[in-house]
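Residue numbers (our numbering): 1117 to 1267.
Accompanying notes for the structure given below.
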């Protein structure tokens, strides 16, 4: 039987979400693996350190992810790659990325980037709240209960 794994893009993962993922993995017997550049000081038996180059963590994570894995990332591009590998993706804020909506998320991201390049301003993310922690825990539990498999 394939090992159940949660892979975390830890470069930009809030500490609360990281703690929630580690706790849920320990409770449910899943392996929790964090990925971060060497600029981030993370400890743990299951931590992968990569080069600080642009997108180095994303590329390592995309290469490591397998069908059935759950990947925690707020990077929509990485989420699209993960879904293409028939793994699941969830943001640290509790948004579960679905293959039927990922194109919309990518287009929305590109439109906002184009607007900013033209001098426009967009709002940054809101401060993390207790509701974000609850949403993330609920989403991760739901994905784990589903067995991490995609039909």
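All C-beta atoms, glycine included, are put in the ideal place defined by N, C-alpha and C.
Where residue i falls: helix, strand or coil (DSSP)
i: residue 1141; result: helix
i: residue 1213; result: strand
i: residue 1251; result: helix
i: residue 1185; result: coil
i: residue 1176; result: helix
i: residue 1201; result: coil
i: residue 1125; result: strand
i: residue 1266; result: With a pLDDT of 43 at residue 1266, under the threshold of 50, the modelled position of that residue is not reliable, and the figure given next carries that caveat. Residue 1266: coil per DSSP, three-state reduction.
Beta-carbon gap between residue i and residue j smaller than 7 Å
i: residue 1126; j: residue 1150; result: yes
i: residue 1123; j: residue 1204; result: no
i: residue 1121; j: residue 1185; result: yes
i: residue 1168; j: residue 1153; result: yes
i: residue 1249; j: residue 1132; result: yes
i: residue 1172; j: residue 1164; result: no
i: residue 1130; j: residue 1239; result: no
i: residue 1119; j: residue 1147; result: yes
Rounded distance between the beta-carbons of residue j and residue i, thought under 8 Å
i: residue 1213; j: residue 1199; result: 6 Å
i: residue 1206; j: residue 1142; result: The pair is not a contact, with the Cβ atoms about 18 Å apart (cut-off 8 Å).
i: residue 1251; j: residue 1210; result: 3 Å
i: residue 1182; j: residue 1201; result: 7 Å
Residue span of the beta strand (DSSP E) that contains residue i, given as start and end
i: residue 1147; result: 1147–1153
i: residue 1238; result: No beta strand (DSSP E) holds residue 1238; DSSP gives it neither H nor E.
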